[in-house]
Structures are given as structure tokens and as C-alpha cells.
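S.K.:
Numbering (our numbering), first residue to last: 15 to 446.
(1) Quick one: give me the first and last residue of the alpha helix (DSSP H) that residue 445 is part of.
(2) Count Cβ pairs between the stretch 368-383 and the stretch 429-439 that sit closer than 8 angstroms; are there 3 or more?
(3) Would you please verify whether the beta carbon of residue 140 is less than 8 angstroms from any beta carbon of chain B?
(4) Looking only at its chain, what residues have a beta carbon closer than 6 angstroms to the beta carbon of residue 108, apart from the 5 residues adjacent to it on each side?
(5) Less than 8 angstroms between the CB atoms is what I'm expecting for residue 210 and residue 319, so what's the real figure, rounded?
(6) Going by alpha carbons, who is nearest to residue 207 out of 63, 289, 158?
(7) On the premise that residue 79 lies in contact with residue 20, defined as a C-beta separation below 8 angstroms, what is that separation, rounded to the nearest angstrom?
(8) Within the same chain, show all residues whose beta-carbon is closer than 8 angstroms to that of residue 443, passing over the 5 residues directly before and after it, in chain order.
(9) Sorted by chain position, which residues of the same chain lie with C-beta nearer than 6 angstroms to residue 179's C-beta, five sequence neighbours on each side aside?
(10) Got a sec? Which residues, its chain only, sit under 6 angstroms from residue 13 by beta carbon, not counting five neighbours each side?
(11) Just reading off the alpha helix (DSSP H) that residue 317 is part of, what are its end residues?
(12) Report the CB separation of residue 245 from residue 352 in whole angstroms; it is logged as a contact under 8 angstroms.
(13) What does the Cβ neighbour count give for residue 135, buried or exposed, with the cut at 16 atoms within 10 Å?
(14) Taking the alpha carbon of residue 304 as the reference point, which residue from 420, 262, 278 has its own alpha carbon closest?
(15) Quick one: residues in its chain with C-beta nearer than 7 angstroms to the C-beta of residue 222, no 5 flanking neighbours on either side, listed in chain order?
(16) Going by DSSP in three states, residue 203 sits in which element: helix, strand or coil?
(17) So, helix, strand or coil for residue 355, using DSSP?
(18) Could you pull out every unbroken beta strand (DSSP E) segment of at least 3 residues lying fully inside the stretch 115-180, listed in chain order?
(19) Measuring only the C-alpha atoms, how far is residue 128 from residue 359?
(20) With a Cβ-Cβ cutoff of 8 angstroms, do residue 83 and residue 161 count as a contact?
(21) Could you compute how far the alpha carbon of residue 278 sits from the alpha carbon of residue 392?
(22) Excluding the five sequence neighbours on either side, which residues of its own chain have a C-beta within less than 7 angstroms of the C-beta of residue 398, listed in chain order?
(23) Check for me: the beta strand (DSSP E) holding residue 110 runs from which residue to which?
(24) So, at 6 angstroms on beta carbons, what are the nonlocal neighbours of residue 133 in its own chain, with the 5 sequence-adjacent residues on each side left out?
(25) What are the residues that DSSP puts in a beta bridge with residue 235?
(26) Taking the alpha carbon of residue 46 as the reference point, which residue from 117, 27, 306 has its own alpha carbon closest?
(27) Check whether the Cβ of residue 213 sits closer than 7 angstroms to any heavy atom of the ligand SAH, and report yes or no.
(28) What does DSSP give as the partner residues of residue 18 in its beta bridges?
(29) Closest by CA to residue 228, which one among 420, 402, 325?
(30) Would you kindly check if the distance between the Cβ of residue 88 and the Cβ of residue 309 is under 8 angstroms?
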């Protein structure tokens, strides 16, 4: 088979890395890819949003399977487009992607079908939203309706901060039309966990849960980012709670979509808040509620989930497309994974690109380094080309071992001004 992966981040490098290992695959193309994918596949210089050009490239190269990474092309209907071309494509349709592209759609769906979620109210008027805000007690959660690159949820610690967020979203349009509507949510406490599942329209198969770190600095300080690291699986979310969340949140959501006339295929990603949870999985009995949904693989969660997958990923992708996921036994290894993102100076604000990256040949052989914002120059030097540059990943028998491997290697890789969090998965170690 010839496979085309669409996207250029760490998630897509991880997908390409896993797909290349399939005995069913002859060649992998990545559009547009990065320096990491260039070493294992052929990059095609086409933006993920240029759907017609991607379609033409797929036809010209005789592609047998397309795998879509980012949310923007999914929300634009790339899966519907490839379906019309009769090219097998893994991802959610435009209608199904509404679960991510419109938080209002997702909220209405959850409330209509009784899927656990925080209490919240939708507003399309800034003045009405502000009036409601002034009657709340901080902290207050404010969410832009549409896609905002993972930065559209603001937790305001004061009414002044909340009003500034509302004004930025609804008046200054910092997220464009994504801010035409907002949800003001109740603030719920607990620990966040990402639970992803393969879905073929009727059957779902959950992946190991993962924890993502959104804030840029240690101890969850600073602004939100696309994700500064992750680990899988967390001890506070054991198998019995995964099964409960599958039956109370993921499956009901897939069935609710079907009731609304939308067949959901691809990856369904639930961002969950686990209340009253404890570090001991034997006594942990917290309840999970859904904060949001995504309609694709997470980033940086994919970088720590897929290294644990034992089953051929291509077999799974095809089973989802063909609607026979129930006939496939998906196996995962018993180990754990920790991934730490190396970012450019200034990220998530403005940052420089084109800086040489040193040390990419100095890390231990059992470590994984997934590229995101990188490019390969003619002289074979790798340069920075984005905010999140690399994800350094280690597997281990437990989180302490995986953490030790990551942080024992990450300082060997460097570029001017690089920064990364030092506390990924640390809380689990401290608990034990």
C-alpha cells in the first residue's frame, strides 16, 4: 500500500513512524511533513487545508489510504472530499467533526442526551455574556465556540480577567469567527485526562488514557499552549474507570450522533475531568465528566499512546473505514510512556524560526524523538520551524523509569532559547 498522512506536526510524525512499520505498507507520503518525516517518508509540500491539491497528489501517486491528522481540514470536509474521489480515508466527516469544531454543538448534544458535562450557558451577544459573567464567582471558564488551536478555553481567576477574555474573543475576535459564540461554564475541579477511542460508526475501541499538560510553565503556570507534554497511562484513572467512561460518555456520544443522523468514524477524543480522584487506583472512585471532544488524534497524546500499540495501526485504520472494528483484537503493551515537548523561545507567543538544532544524534537508542516545528535544509542540518519543535519520548516499565530516560536525554538536544517543562508525570512519582 501507499499511504498519505496529512499534517506536519509531532502527531503526524508519530503516525508516519507507526505506519511505516506495517508490513502492508510500501511507501508513506506526508503533506507537508517536517524534518523528522523526511527521514522515514517522502514529504509533499502541500498545506493540509489545500484539499483539492491533496486530492490531485493522492490520485497522481496512486495513494491507497489517506490518514488525516489536524482538525482544520477535517472541519473543512476533507474526508467527504476523498470519499467522493473513492480514496479510502481515515478521519471524521465534516458533520461528525462538529463535535470539535463547535463547542456549542457538542454542549447541546451532551445536554440533550444526558452525557455528563459541566453546567454552562451559550451566548452570542457580548453584552449578555458580560451581564451573566458579572453574576458569577471566579474562577470562571470561558470557551470560544469554534477551533482555536487548543487555546480557546480560558479559566479566568477574576471578573476583570473574565471580561478581558470575553472582550478578546467576542469583540476583538482574537480567534476570528470561532468567537462568534461563547460558553460560560461552571468551574469543576479534579484531574484532567484524555481518553481516545477508535470508532467505526458502531463499535468503539478505547486507547490507553493519557494526561496532557497545557500550560507553558511548570506547576501549570503561564498561558495555554497546544500541549507541552504528556504521559500514558495515569495511575489515577485505572481500567475500571476507563470502562465506566467508555460506557457513560464515549458510547453514548457515538449513539447520540447516530440519532442525529451522523455516522461517527475515526478517532473520538474525550477531554475528561475526573473529580474526587486519588493517586491509589484501588481507592480511586471519582466521576468523569466531559469537558470537550476532539474529532482526531491528540497532540501531544499521540506521541505517548501509539508507542504502546502492539497491533498493526494500518489494520485498525482500515477496520474503522470498513466498519468491522468488532472483528479486530487490538493489543497494547503493559509499559508506560512519557513525552516532553521542546519549544521555541517566546512560545506560545511570537518566536524565531530557522535556528539550528544540535544533538539529534546524541540521545539513547531506545528513546523516540518526534519532530513538529522542524525543517531539513539541503546541507542535512535540521532547523526550527515552529513553536513546538520536538517531543522527546521514552518508554519504561513504570513512569519513574520513563521520566528518568526522557530527562536524562533531553538536555543533550539544544537550540537557541529552547524551553521545556521539568514536571511532566512528576505528580505520579510524588504520589508513590
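Glycine included, every Cβ here is placed at the ideal spot set by N, Cα and C.
M.R.: In short:
(1) 440-445
(2) yes
(3) You won't find chain B in this structure, because it holds only one protein chain.
(4) 91, 94
(5) 7 angstroms
(6) 289
(7) Not a contact, Cβ separation roughly 11 angstroms.
(8) 413, 414, 417
(9) 156, 168, 170
(10) Nothing can be reported for residue 13: it is not among the residues displayed for the chain, which extend from 15 to 446.
(11) 315-319
(12) 5 angstroms
(13) exposed
(14) 262
(15) 246, 247, 319, 322, 346
(16) coil
(17) strand
(18) 134-137, 154-158, 167-170
(19) 44 angstroms
(20) no
(21) 43 angstroms
(22) 358, 367, 368, 369, 371, 387, 388, 429
(23) Segment: none, residue 110 is in no beta strand (DSSP E) and carries neither H nor E.
(24) 200
(25) 231
(26) 27
(27) No copy of the ligand SAH appears in this structure; indeed no ligand is present at all.
(28) 43, 80
(29) 402
(30) yes
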